[in-house]
Amino acid sequence: MSYHEASTIAAADAPRLDQDDRPTLRFVTCGSVDDGKSTLVGRLLYDSKTLLDDQLDALASESKTAGTTAGDLDFALLVDGLQAEREQGITIDVAYRFFATKLRRFIVADTPGHAQYTRNMATGASNADLAVVLVDARKGVITQTRRHSHILSLLGIRHVVLAVNKMDLIGFDGDRFASITAEYLTLAGQLGISQVQCIPVVAPDGDNIVAASARMLWYEGPTITAYLESVNVAGDASQQPFRLPVQWVSRPHADFRGFCGRIASGTIALGDAVRAQPSGHQTRIARILTPAGERNHARPGESITLTLADEIDVSRGDVLTAGSAAPVSDQLAAHLVWFDGEAMVTGRRYLLRCGTASTGAVITELKHRIAIDTMARESATTLDVNEIGYVHLDLDRPLVFEAYRDNRDMGSFILIDPISHRTAAAGMIDMSLRRATNVHWQRLAVDKSVRARLKQQRPCVLWFTGLSGAGKSTIANLVDSRLAELGRHAALLDGDNLRHGINRDLGFTNAERTENVRRVAEIAALFVDAGLIALVALISPFRSERELARQRLEAGEFIEIHVATPLAECERRDPKGLYRKARAGQLPAFTGIDHPYEAPLAPDITIDTSELSSEAACERIIRYLREHNYL
Amino acid sequence: MTMLEVPTIDAPAVPGMADGKQRRITTSHLRRLEAESIHILRETAAEFRKPVMLYSIGKDSSVLLHLAMKAFDPGKPPFPLLHVDTTWKFREMIAFRDRRARELGLDLIVHTNNDGLSQGIDPFSHGSARYTDVMKTQALRQALDFHGFDAAIGGARRDEEKSRAKERVFSHRSAAHRWDPKNQRPELWGLYNTRLAPGESMRVFPLSNWTELDVWDYILLEDIPIVPLYLAASRPVVERDGALIMVDDDRMPLQPGEAPQWRSVRFRTLGCYPLTGATSSTAATLPEIVQEMTASRTSERQGRMIDRDSPASMERKKAEGYF
Numbered sequence: 185m186s187y188h189e190a191s192t193i194a195a196a197d198a199p200r201l202d203q204d205d206r207p208t209l210r211f212v213t214c215g216s217v218d219d220g221k222s223t224l225v226g227r228l229l230y231d232s233k234t235l236l237d238d239q240l241d242a243l244a245s246e247s248k249t250a251g252t253t254a255g256d257l258d259f260a261l262l263v264d265g266l267q268a269e270r271e272q273g274i275t276i277d278v279a280y281r282f283f284a285t286k287l288r289r290f291i292v293a294d295t296p297g298h299a300q301y302t303r304n305m306a307t308g309a310s311n312a313d314l315a316v317v318l319v320d321a322r323k324g325v326i327t328q329t330r331r332h333s334h335i336l337s338l339l340g341i342r343h344v345v346l347a348v349n350k351m352d353l354i355g356f357d358g359d360r361f362a363s364i365t366a367e368y369l370t371l372a373g374q375l376g377i378s379q380v381q382c383i384p385v386v387a388p389d390g391d392n393i394v395a396a397s398a399r400m401l402w403y404e405g406p407t408i409t410a411y412l413e414s415v416n417v418a419g420d421a422s423q424q425p426f427r428l429p430v431q432w433v434s435r436p437h438a439d440f441r442g443f444c445g446r447i448a449s450g451t452i453a454l455g456d457a458v459r460a461q462p463s464g465h466q467t468r469i470a471r472i473l474t475p476a477g478e479r480n481h482a483r484p485g486e487s488i489t490l491t492l493a494d495e496i497d498v499s500r501g502d503v504l505t506a507g508s509a510a511p512v513s514d515q516l517a518a519h520l521v522w523f524d525g526e527a528m529v530t531g532r533r534y535l536l537r538c539g540t541a542s543t544g545a546v547i548t549e550l551k552h553r554i555a556i557d558t559m560a561r562e563s564a565t566t567l568d569v570n571e572i573g574y575v576h577l578d579l580d581r582p583l584v585f586e587a588y589r590d591n592r593d594m595g596s597f598i599l600i601d602p603i604s605h606r607t608a609a610a611g612m613i614d615m616s617l618r619r620a621t622n623v624h625w626q627r628l629a630v631d632k633s634v635r636a637r638l639k640q641q642r643p644c645v646l647w648f649t650g651l652s653g654a655g656k657s658t659i660a661n662l663v664d665s666r667l668a669e670l671g672r673h674a675a676l677l678d679g680d681n682l683r684h685g686i687n688r689d690l691g692f693t694n695a696e697r698t699e700n701v702r703r704v705a706e707i708a709a710l711f712v713d714a715g716l717i718a719l720v721a722l723i724s725p726f727r728s729e730r731e732l733a734r735q736r737l738e739a740g741e742f743i744e745i746h747v748a749t750p751l752a753e754c755e756r757r758d759p760k761g762l763y764r765k766a767r768a769g770q771l772p773a774f775t776g777i778d779h780p781y782e783a784p785l786a787p788d789i790t791i792d793t794s795e796l797s798s799e800a801a802c803e804r805i806i807r808y809l810r811e812h813n814y815l
Numbered sequence: 059m060t061m062l063e064v065p066t067i068d069a070p071a072v073p074g075m076a077d078g079k080q081r082r083i084t085t086s087h088l089r090r091l092e093a094e095s096i097h098i099l100r101e102t103a104a105e106f107r108k109p110v111m112l113y114s115i116g117k118d119s120s121v122l123l124h125l126a127m128k129a130f131d132p133g134k135p136p137f138p139l140l141h142v143d144t145t146w147k148f149r150e151m152i153a154f155r156d157r158r159a160r161e162l163g164l165d166l167i168v169h170t171n172n173d174g175l176s177q178g179i180d181p182f183s184h185g186s187a188r189y190t191d192v193m194k195t196q197a198l199r200q201a202l203d204f205h206g207f208d209a210a211i212g213g214a215r216r217d218e219e220k221s222r223a224k225e226r227v228f229s230h231r232s233a234a235h236r237w238d239p240k241n242q243r244p245e246l247w248g249l250y251n252t253r254l255a256p257g258e259s260m261r262v263f264p265l266s267n268w269t270e271l272d273v274w275d276y277i278l279l280e281d282i283p284i285v286p287l288y289l290a291a292s293r294p295v296v297e298r299d300g301a302l303i304m305v306d307d308d309r310m311p312l313q314p315g316e317a318p319q320w321r322s323v324r325f326r327t328l329g330c331y332p333l334t335g336a337t338s339s340t341a342a343t344l345p346e347i348v349q350e351m352t353a354s355r356t357s358e359r360q361g362r363m364i365d366r367d368s369p370a371s372m373e374r375k376k377a378e379g380y381f
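These protein sequence lines are chains A and B, in that order. Be aware that the first sequence starts at 185, since it is given in my numbering, and climbs by one per residue. Be aware that the second sequence starts at 59, since it is given in my numbering, and climbs by one per residue.
The structure is reproduced here in structure tokens:
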């Protein structure tokens with residue numbers, strides 16, 4: 185009996201009460217420093233009776249010592265969680281808070297107002313249905329308001345509550361409120377924010393938060409709470425075509441092969457026809473396993489496991505689709521919000537994550553930058569932290585996607601810096617620049633397994649990585665000769681030699697090193713297709729790029745050999761005199777000296793030539809190939 | 059002093075259900091939380107070389123384990139369980155832990171900081187702050203380093219405490235296990251940046267968006283086994299600094315004039331018995347607990363001594379590698 189069945193049966197006689205199914209509204213608060221966001225959120229928590237006695241006691245005592253409200257309850261202290269924030273009296277990171285009323289549950293992301301923390305605002309907005317934008321009634325719509333509203337519109341937020349705070353400080357002036365409202369509605373119209381509700385409030389006193397203010401009788405609209413409880417934000421993802429990004433392939437035993445993932449859109453039922461994209465293989469749904477047991481249908485947002493009628497090749501990063509096929513492309517146009525302190529570099533390869541797919545991606549062109557204050561398109565060559573632009577991307581592999589405006593889960597991505605691993609940018613796909621779907625893979629009648637049988641060997645890539653002078657080429661040459669003696673067919677790709685030919689146009693910047701490795705990986709993969717054992721001797725300093733080479737091949741075809749001779753020993757040998765030049769400053773960006781080398785975490789073979797002769801290293805590799813049935 | 063007779067329950071720890079009372083359950087809401095947590099667990103399994111699940115035996119761990127069983131069903135979770143044993147856990151917790159691992163056929167790693175043990179670190183003579191650092195924080199780091207785990211899944215929730223409210227679902231740790239709250243990776247949509255440099259690791263919190271009440275509702279909905287200490291029973295306690303401390307074994311030094319009293323109590327959180335305050339309660343079944351919870355006017359961490367050592371103590375402990 186499976187775990188599902190066990191728990192379902194145990195709870196079978198438990199009454200299932202679905203009546204109390206209050207929907208959850210996720211919203212984000214944003215505004216400038218001191219507009220009173222944290223106070224507003226604290227007030228919502230306080231008024232919803234979410235706070236418990238010991239938390240109220242702590243608030244009362246902290247308000248006296250750390251508060252800025254002369255002994256009254258300082259509601260901002262409830263949400264300004266980190267010590268640094270309490271000391272500085274500002275919010276520096278996103279905080280998630282939970283509260284509920286009789287009608288709805290709420291998750292609120294409280295986000296900072298500083299310009300340099302715009303990325304946190306985008307983070308909070310990415311999962312929100314609605315935004316509460318705060319302005320100080322004395323200041324009205326300011327640059328920060330425009331910036332935040334722009335990010336909200338880019339992230340697909342269509343519902344905004346404009347909370348005009350500190351009305352007490354302008355004497356509850358209704359005319360001033362009306363002019364702020366008019367100014368914001370103009371802005372929202374430009375940004376495509378279709379639903380705006382403007383509400384005058386005094387957050388610390390609770391005016392128009394839960395109860396209508398007795399001090400602003402001229403305002404006849406809803407309070408913040410009443411509006412949040414009633415606004416309809418639901419887009420119906422179940423009406424869209426079925427999309428399931430495959431997260432995990434479950435193969436607990438020979439008789440079960442399940443494809444796990446969370447449904448991004450659409451519904452699915454037993455027997456429905458589905459295809460795996462990008463391969464295009466078609467089959468039908470055999471079983472649907474959900475956390476609540478086996479069922480005959482499933483809906484968007486559910487984490488499920490599907491089994492298929494036919495055995496087709498599906499792996500993590502693929503998407504199971506039904507109805508109309510999802511677009512597939514390796515050339516995309518997208519909006520980027522740049523997060524990293526290190527500015528965007530066109531031509532550099534970043535790691536792109538979209539759904540469950542990961543691939544290398546080069547920003548080929550920055551079409552324009554968007555001036556936050558005016559929304560104007562400016563020409564630019566780079567994006568700095570907190571800047572927004574429109575770019576073209578060239579991906580290493582075709583991506584199954586949807587435009588962000590149609591499907592957030594299928595159209596959003598992040599870019600990761602391959603060296604620092606920081607999240608460099610958030611992206612929203614606008615469209616494909618060409619249809620990769622039209623470029624079909626040529627199916628070949630004679631495949632590599634046929635050729636491999638002819639040669640009595642399992643084709644693979646022996647990837648020698650290590651510092652300059654570590655002994656990669658020497659050992660690879662010995663292995664090449666030894667394989668020839670044994671009557672096997674190999675081919676050697678040497679980094680230095682390739683730079684005289686196919687890679688002669690490449691230099692030594694990060695982007696060019698990456699491209700160098702990509703080309704070599706592609707050639708090695710073609711050799712494997714031809715049934716050969718490809719020997720690659722290449723410094724290949726970045727783990728991420730070696731990983732991309734591994735992903736280009738099938739499981740077991742990539743054998744990573746770390747020639748781990750210590751730097752001191754390499755430098756002592758210095759067979760090409762390169763270290764001497766590098767130390768003299770004549771070779772900038774030299775690996776190991778002023779450029780990083782990321783050692784493999786789990787290499788298949790490790791060789792230190794300061795301890796092992798090249799011949800012994802060669803024999804160890806041959807032995808490995810025999811033991812693992814490559815020979 | 060003689061060993062106190064403490065009733066332990068050996069029967070499977072499925073709490074009493076058939077009381078005929080209406081349950082306050084919001085299925086769709088819980089199913090949404092469940093789907094998100096399962097998504098996070100599967101991401102962890104797919105993206106990391108060697109993940110591990112921190113199993114602290116409490117109710118959150120019970121829910122986490124239940125979700126992991128579901129996420130990989132009909133297979134087993136592709137990671138072991140790790141329990142950092144301070145040697146001061148309630149005896150019923152240890153019995154429950156071993157039984158669950160056996161019942162589910164899971165690989166359970168138990169780690170104790172033997173250096174701390176041989177130095178005789180205990181919660182009475184060294185103070186809760188030092189004790190927690192040595193026997194919990196350092197012990198956890200030792201275990202993660204020793205086994206080379208690159209992702210540790212924990213049951214922390216954002217509603218527990220203010221600094222937790224800002225923690226990411228995938229929370230990056232330096233090679234020294236430090237959390238840098240000012241330099242957290244942004245998390246947008248359901249996309250997680252799981253890249254690590256050598257030696258770095260990730261803490262993963264699938265229950266980030268659950269509240270304490272959600273946890274209880276889900277335990278009720280899914281009939282999840284929990285340690286019986288969560289249910290009210292007559293237990294021997296002493297009152298110290300306003301907290302009810304259960305005398306779980308004879309290692310607990312009693313102060314002059316102090317004598318354990320048998321009272322009907324239960325626990326809202328479980329940890330080391332000398333540091334875990336009980337609450338007076340007669341809620342002996344899950345539905346009664348949920349009812350009591352709904353009416354509760356104090357937070358669960360009130361029973362924890364370690365959060366109140368010093369201002370912002372949780373934030374500091376987390377930066378040092380505490381879960």
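Beta carbons: idealized from backbone N, C-alpha and C, even for Gly.
Taking the C-beta atoms as reference points, Ala610(A) is found no nearer than 9 Å to Leu677(A). Secondary structure note for Asn349(A): its beta strand (DSSP E) is the uninterrupted segment His343 to Asn349. Its chain contains Pro138 and Leu140 as the residues whose beta carbon lies nearer than 6 Å to that of Ile167(B), once the 5 sequence neighbours on both sides are disregarded; these appear in chain order. Within the segment 128-144 of chain B, the residues whose Cβ lies closer than 8 Å to some Cβ of chain A are Lys128, Ala129, Phe130, Asp131, Pro132, Gly133 and Lys134, listed in chain order.
In this structure, the alpha-carbon of Leu617(A) lies about 5 Å from that of Leu516(A). Chain B places no beta carbon closer than 9 Å to that of Pro759(A), leaving this residue out of the contacts. Along the length of the segment 547-613 of chain A, whole alpha helix (DSSP H) runs at least 4 residues long occupy 592-595, reported in chain order. Ala709(A) and Lys632(A) have their C-alpha atoms spaced approximately 11 Å apart.
Restricting attention to Ala541(A), Arg757(A) and Met528(A), the CA atom closest to the CA of Glu549(A) is found in Met528(A).
Here DSSP, grouped into helix, strand and coil, assigns Trp522(A) to strand. Your pair Ile452(A) and Gly485(A) does not check out as a contact, with CB atoms roughly 13 Å apart and the cut at 8 Å.
Between the C-alpha atoms of Ser363(A) and Val323(B) there is a straight-line separation of about 60 Å. If you check each beta-carbon in the segment 246-265 of chain B against every beta-carbon of chain A, the ones closer than 9 Å belong to Leu246, Trp247, Gly248, Leu249, Tyr250, Asn251, Thr252, Arg253, Leu254, Ala255, Pro256 and Glu258. Rounded to the nearest whole angstrom, the CA to CA distance from Thr693(A) to Ile115(B) is 51 Å.
Looking at Pro772(A), Leu579(A), Thr329(A) and Ala541(A), the one whose alpha-carbon comes closest to that of Gly531(A) is Leu579(A). Listed along the chain, the chain A residues whose CB falls inside 8 Å of the CB of Thr269(B) are Phe282. For Phe443(A), the enclosing beta strand (DSSP E) has its first and last residue at Gly442 to Arg446. Residue state for Thr343(B) is assigned as coil, using DSSP reduced to three classes. Glu245(B) and Thr252(B) have their C-alpha atoms spaced approximately 11 Å apart. Taking the beta carbon of Ile600(A) as reference, the chain B residues within 8 Å of it are Asn251 and Arg253, listed in sequence order. Interface annotation for the segment 306-323 of chain A against chain B: Ala306, Thr307, Ser310 and Asn311, criterion Cβ-Cβ distance under 7 Å. Fewer than three beta-carbon pairs drawn from the segment 231-244 of chain B and the segment 178-192 of chain B are found closer than 8 Å, and the two stretches are therefore not classed as touching. Not a single CB atom of chain A sits nearer than 9 Å to the CB of Asp238(B). Bridge partners of Ala187(B) according to DSSP: none are assigned. CA-CA distance, Val701(A) to Ala766(A), rounds to 22 Å. Taking 9 Å as the Cβ-Cβ cut-off, the segment 202-224 of chain B approaches chain A at Asp208, Arg216, Asp217, Glu219, Lys220, Ser221, Arg222, Ala223 and Lys224, given in chain order. Residues of chain A whose Cβ lies closer than 8 Å to the Cβ of Glu92(B) are, in chain order, Pro475 and Ser487.
Within 7 Å of the CB of Glu101(B), the CB atoms of chain A belong to Gln431, in sequence order along the chain. Residues of the segment 213-231 of chain A that bring their beta carbon within less than 8 Å of a beta carbon in chain B are absent altogether. Pro643(A) places its beta carbon less than 9 Å from that of Ile717(A). For Val575(A), not one C-beta of chain B is nearer than 9 Å to its own C-beta. Secondary structure at Asp208(B): coil, using DSSP grouped into helix, strand and coil. Its Cα nearest to that of Gly740(A), the residue Leu809(A) stands out among Arg727(A), Leu809(A) and Glu404(A).
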